[in-house]
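J.: In terms of the working numbering, the sequence shown opens at residue 16 and continues consecutively. Mind looking over this structure? Questions follow.
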Amino acid sequence: MKSFLDKAALQNHPLRVVEDFLIQEEANETAKNYGSMRFVGYVLEIGYDTVTLITSDPFKIAVGGVPRNSLLIMMPSTVESLPTHFTLLRVLESAPTPLSKEVQQTYFELQKKSMPELDIFTSSELQWGALKTSVLGMFYKHPEVDNSLEFSGDLNNFVSAHKYRVYAPNDEVLKLIVNSMVPEDNRFEIGKLRLTECRLPLPDKPQPDVTVYVSTKDFLAARTAMFGKTRLGKSNVVKLIAQSLIETTGQAKNVGQLIFDITGEYANDNPQDGNLSLKSTFPTRCEVYAVTKKDATPSKPLKLNFYEQPSSSHSILGSLLMQDGKASAYIRSFASVELPSLEEVGKLQPGGERTRSFRKIQIYWAVLQKAGFPADENRIRQVAPSGNPPSGFNPGFSQALRDAAYTAEGVSPTPTQPANLSSLQKEFEIINRLRRNNASHPNLVSSSGNSLFDPDDIALLEFLEPAPGRSGPGMIQPYRMYHDQRAGDFVKEILDFLDEGQTVILDLGNANPQLMQYFSDELSRSVFNHQVTKFTNNNLGSHFVQLYFEEAHNLFPRTEEVTTIYSRFAKEGAKYHIGMVYSTQSVTTVNKDLLAQTENFFIAHLSSQDEVNALAKLNVAYESLKLDILQAKTPGYMRMLTRSHRFVVSVQARKFTALSAQLKG
Numbered sequence: 016m017k018s019f020l021d022k023a024a025l026q027n028h029p030l031r032v033v034e035d036f037l038i039q040e041e042a043n044e045t046a047k048n049y050g051s052m053r054f055v056g057y058v059l060e061i062g063y064d065t066v067t068l069i070t071s072d073p074f075k076i077a078v079g080g081v082p083r084n085s086l087l088i089m090m091p092s093t094v095e096s097l098p099t100h101f102t103l104l105r106v107l108e109s110a111p112t113p114l115s116k117e118v119q120q121t122y123f124e125l126q127k128k129s130m131p132e133l134d135i136f137t138s139s140e141l142q143w144g145a146l147k148t149s150v151l152g153m154f155y156k157h158p159e160v161d162n163s164l165e166f167s168g169d170l171n172n173f174v175s176a177h178k179y180r181v182y183a184p185n186d187e188v189l190k191l192i193v194n195s196m197v198p199e200d201n202r203f204e205i206g207k208l209r210l211t212e213c214r215l216p217l218p219d220k221p222q223p224d225v226t227v228y229v230s231t232k233d234f235l236a237a238r239t240a241m242f243g244k245t246r247l248g249k250s251n252v253v254k255l256i257a258q259s260l261i262e263t264t265g266q267a268k269n270v271g272q273l274i275f276d277i278t279g280e281y282a283n284d285n286p287q288d289g290n291l292s293l294k295s296t297f298p299t300r301c302e303v304y305a306v307t308k309k310d311a312t313p314s315k316p317l318k319l320n321f322y323e324q325p326s327s328s329h330s331i332l333g334s335l336l337m338q339d340g341k342a343s344a345y346i347r348s349f350a351s352v353e354l355p356s357l358e359e360v361g362k363l364q365p366g367g368e369r370t371r372s373f374r375k376i377q378i379y380w381a382v383l384q385k386a387g388f389p390a391d392e393n394r395i396r397q398v399a400p401s402g403n404p405p406s407g408f409n410p411g412f413s414q415a416l417r418d419a420a421y422t423a424e425g426v427s428p429t430p431t432q433p434a435n436l437s438s439l440q441k442e443f444e445i446i447n448r449l450r451r452n453n454a455s456h457p458n459l460v461s462s463s464g465n466s467l468f469d470p471d472d473i474a475l476l477e478f479l480e481p482a483p484g485r486s487g488p489g490m491i492q493p494y495r496m497y498h499d500q501r502a503g504d505f506v507k508e509i510l511d512f513l514d515e516g517q518t519v520i521l522d523l524g525n526a527n528p529q530l531m532q533y534f535s536d537e538l539s540r541s542v543f544n545h546q547v548t549k550f551t552n553n554n555l556g557s558h559f560v561q562l563y564f565e566e567a568h569n570l571f572p573r574t575e576e577v578t579t580i581y582s583r584f585a586k587e588g589a590k591y592h593i594g595m596v597y598s599t600q601s602v603t604t605v606n607k608d609l610l611a612q613t614e615n616f617f618i619a620h621l622s623s624q625d626e627v628n629a630l631a632k633l634n635v636a637y638e639s640l641k642l643d644i645l646q647a648k649t650p651g652y653m654r655m656l657t658r659s660h661r662f663v664v665s666v667q668a669r670k671f672t673a674l675s676a677q678l679k680g
């Protein structure tokens, strides 16, 4: 009666597949159908952390082989008195048996005598061996939730070794093992279970055919790491994660994604490698901003307004000049100037300090004007600090100085104060010529007795109007491609897209490293501040933002105490509903604070012993997989550990392609 009631209780329970598995095993054994059995062997030695089992050649052949890192299940020999449960084991290595020395001696004697075949009794003795396995945990009925499964990472008890049997699970039980802990909501197919790199099947013994799922909830407000050598499928998995969030949130649209695409592979198709982009797969769900527009990819310009971002754009110009080998003394002086931002000037009290700070920006504006950088002067007037000077183009020189400078040029009467960029450029040039020809002129000294122009002013003026034989502003004309007079609102546009649940891809392919750094920093800060504002106003709700970074060692260097915006993502992002996916080739080059906060891991091939040791030290779940990670080099072969998976799952990631046809177009 108890057996009947227990089976009735399992009617709709996930463990029903295990019950059916055992019934089939018993039927095969009764019918002596040994070739179809999944029995692997008996337990030789048992502990809380490891189990050693004895097996034989026929058992291993019948189940299609028992490779290293494969999954086995350990069951009590008699299950009538216990609730249905099983212990999950991972194969580590071969182990010695009590007869190992005698077996080796027999092999030695056989080889020495060159015996062509074994008698039946010797063959039976030699086919036995032992395997050492690690205990991953136990699956059993949830004690509080009906028709639900619970997993524990330890054993509550074990009895004598001879009371257990070990099986190789079939596909149905493997599906239970791999996917039962993944929530049903927002499930997404990541690939197929792949227990070993070798795919050579034994005769009539197919490889497991088990689809592996992840929950997209595991990636929200979490850190996800991709480690592995180049060309082994990290970017493909990144696309799959981005795709999973697009497809599983297709109706709610409550997850905005921002991808910093430094190679252009997420924004643009690569027909040569047969790689599709996210943009072409989901054209209505993705927005692309590109530094350099690609003909085949619709995109918006990702450029700077050099007039409105003087501090950032001047720094970029200086780096570009140095990078291109333009290192004359006056160019180095120009590049070394540190301009304030318009916001910083606006915070200064009206007066001499504010006028002098703003004047540096105005000289820079004159340089841009002379170099042919187009400008929207109405916009400049709106963003310029108000008051002293009021127009935005008045540098605030005394009338006496202006009269002296224009008189020296033979211009009379003195023109009115500059009201546009052209007149601003002319005024600086005329006054600079007075300074150059008569540095001791009394009107070039301030009321406090100091020189009217400091060394930074002079460096800017000498670049604006250099000595004969020098190019000055003409040298920055090639960099006009990075400027757009209408730029400046792209940050707000991108934040709006993220709030709408769109995926925004920044195509930074072929961009200058300085520009990459600027856009990464600027947008990262903006996203963080935007989410903080929503948090403080209690407006986060169920909306999340997911960020994607490649070459993470550049943003999170291990050798430094990271205090940038990126470290705030790592430490505080979860609170503000910010998740991040970062990828790099090396574990040891990434900041340890970020590694300690990372919840999800996708590990491809690593070629260094130091790398796998660092990985195992970071997460002990990878300790038994170190040799596998070092040796297996198949693209897309990942060792996955997520918040839902309590142990590492080896998976062959599927090739990125659309799953939901209705989301295309």
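C-beta: ideal position from N, C-alpha, C; glycine also. Given the structure is predicted, the values throughout are model-derived calculations rather than measurements.
How do the segment 320-338 and the segment 297-306 stand: do at least 3 beta-carbon pairs fall below 8 Å, yes or no?
T.: No: fewer than three Cβ pairs fall under 8 Å.
J.: Roughly how many angstroms separate the alpha carbons of residue 283 and residue 598, rounded to a whole number?
T.: One-based indexing of the sequence shown puts residue 283 at position 268. One-based indexing of the sequence shown puts residue 598 at position 583. Approximately 19 Å between the Cα atoms of the pair.
J.: Reducing DSSP to helix, strand and coil, say where residue 142 ends up.
T.: Along the sequence shown, one-based indexing puts residue 142 at 127. DSSP places residue 142 in coil when its eight states are reduced to three.
J.: Going by C-alpha distance, which of 262, 557, 633 is nearest residue 236?
T.: Indexing the sequence shown from 1 puts residue 236 at position 221. It is 557.
J.: Am I right that residue 396 and residue 407 are in contact with their C-beta atoms under 8 Å? What's the rounded C-beta distance?
T.: In the sequence shown, counting from the first residue as 1, residue 396 sits at position 381. In the sequence shown, counting from the first residue as 1, residue 407 sits at position 392. With a Cβ gap of about 5 Å, residue 396 and residue 407 count as contacting.
J.: Return the CA-CA distance between residue 355 and residue 363, expressed in angstroms with no decimal places.
T.: Position 340 of the sequence shown, counted from the start, is the residue given in the question as residue 355. Position 348 of the sequence shown, counted from the start, is the residue given in the question as residue 363. Distance between the alpha carbons of residue 355 and residue 363 is about 11 Å.
J.: For the candidate residues 255, 112, 100, whose alpha-carbon lies nearest to that of residue 156?
T.: Translated into the one-based positions of the sequence shown, residue 156 becomes position 141. Ranking the options by Cα distance to residue 156, first place goes to 100.
J.: Which two residues bound the contiguous alpha helix (DSSP H) that contains residue 568?
T.: Translated into positions along the sequence shown, residue 568 becomes position 553. Counting along the chain, the alpha helix (DSSP H) containing residue 568 begins and ends at 567-570.
J.: For the segment 345-386, which segments carrying the alpha helix (DSSP H) assignment without a break, of at least 4 residues, lie completely within its bounds, in sequence order?
T.: Counting whole runs of 4 or more residues, the segment 345-386 contains the alpha helix (DSSP H) stretches 357-361, 367-385.
J.: Leaving out the 5 sequence neighbours to the left and right, which residues in its chain are closer than 6 Å to residue 681 when beta-carbon positions are compared?
T.: Nothing in the structure corresponds to residue 681, since the chain is present only between 16 and 680.
J.: For residue 85, collect the residues of the same chain with a Cβ closer than 6 Å to its Cβ; drop the 5 residues on either side in sequence, then sort them by chain order.
T.: Here the question's residue 85 lines up with position 70 in the sequence shown. 106, 210, listed in sequence order.
J.: Unbroken alpha helix (DSSP H) runs of length 4 or more, entirely within the segment 413-500: which are they?
T.: Within the segment 413-500, the complete alpha helix (DSSP H) runs of at least 4 residues are 414-423, 436-452, 470-479.
J.: Measure from the alpha carbon of residue 6 to the alpha carbon of each residue in 534, 594, 55, then state which is nearest.
T.: Nothing can be reported for residue 6: it is not among the residues displayed for the chain, which extend from 16 to 680.
J.: Using the C-alpha atoms, what's the distance from residue 332 back to residue 341?
T.: Stepping through the sequence shown from its first residue, residue 341 is reached at position 326. Stepping through the sequence shown from its first residue, residue 332 is reached at position 317. If I take the Cα positions, the gap works out to 11 Å.
J.: Runs of 3 residues minimum, wholly inside the segment 541-629: which ones carry the beta strand (DSSP E) assignment?
T.: Listed in chain order, they are 559-564, 593-599, 615-618.
J.: Would you list the one or two residues that DSSP bridges to residue 311?
T.: Numbered from its first residue, the sequence shown carries residue 311 at position 296. DSSP, once it has assigned bridges, lists no residue as partnering residue 311.
J.: Note down, one range per segment and in chain order, each alpha helix (DSSP H) of at least 4 residues found wholly within the segment 219-285.
T.: Those alpha helix (DSSP H) runs which fall completely within the segment 219-285 and span 4+ residues are 249-263.
J.: Using three-state DSSP, classify residue 46 as helix, strand or coil.
T.: Locating residue 46 in the sequence shown gives position 31, counting from the first residue. Three-state result, residue 46: coil.
J.: How would you label residue 135, buried or exposed, when you count the other beta carbons within 10 angstroms and need 16 or more for buried?
T.: Position 120 of the sequence shown, counted from the start, is the residue given in the question as residue 135. Only weak support is given to the placement of residue 135: the predicted model assigns it a pLDDT of 46, under 50, and the value that follows is read from those uncertain coordinates. Answer is exposed; the Cβ neighbour count stays below 16.
J.: Would you mind working out which of 622, 471, 387, 330 sits nearest residue 527, comparing C-alpha positions?
T.: Looking up residue 527 in the sequence shown gives position 512. It is 330.
J.: Looking at the structure shown, is residue 179 part of a helix, part of a strand, or coil, going by DSSP?
T.: Indexing the sequence shown from 1 puts residue 179 at position 164. Correct three-state label for residue 179: strand.
J.: Can you name the start and end residues of the beta strand (DSSP E) that residue 324 belongs to?
T.: Numbered from 1 along the sequence shown, position 309 holds the residue referred to as residue 324. No beta strand (DSSP E) contains residue 324, which DSSP labels as neither H nor E.
J.: Using a 10 Å radius around the Cβ and a threshold of 16 neighbouring Cβ atoms, would you call residue 239 buried or exposed?
T.: For the purposes of this step, residue 239 is taken as residue 224 along the sequence shown, with counting starting at 1. So residue 239 ends up on the buried side.
J.: Smallest Cα separation from residue 53: which of 71, 649, 62?
T.: Working through the sequence shown from its first residue, we reach residue 53 at position 38. With distances taken between Cα atoms, residue 53 lies closest to 71.
J.: If I follow the unbroken alpha helix (DSSP H) through residue 505, where does it start and stop?
T.: The residue labelled residue 505 in the question sits at position 490 within the sequence shown. Looking at the DSSP string, the run of the alpha helix (DSSP H) that includes residue 505 is 505-514.
J.: Find the nearest neighbour of residue 667 within the set 51, 647, 633, 36, judged by alpha-carbon distance.
T.: Locating residue 667 in the sequence shown gives position 652, counting from the first residue. Among 51, 647, 633, 36, the Cα nearest to that of residue 667 belongs to 647.
J.: Below 6 Å CB to CB, which residues in the same chain sit around residue 545 once its five sequence neighbours on both sides are set aside?
T.: In the sequence shown, counting from the first residue as 1, residue 545 sits at position 530. Correct list, in chain order: 510.
J.: Restricting to Cα atoms, I'd like to know which of 150, 74, 28 is closest to residue 88.
T.: As a first step, residue 88 must be located in the sequence shown, where it is residue number 73. Among 150, 74, 28, the Cα nearest to that of residue 88 is on 150.
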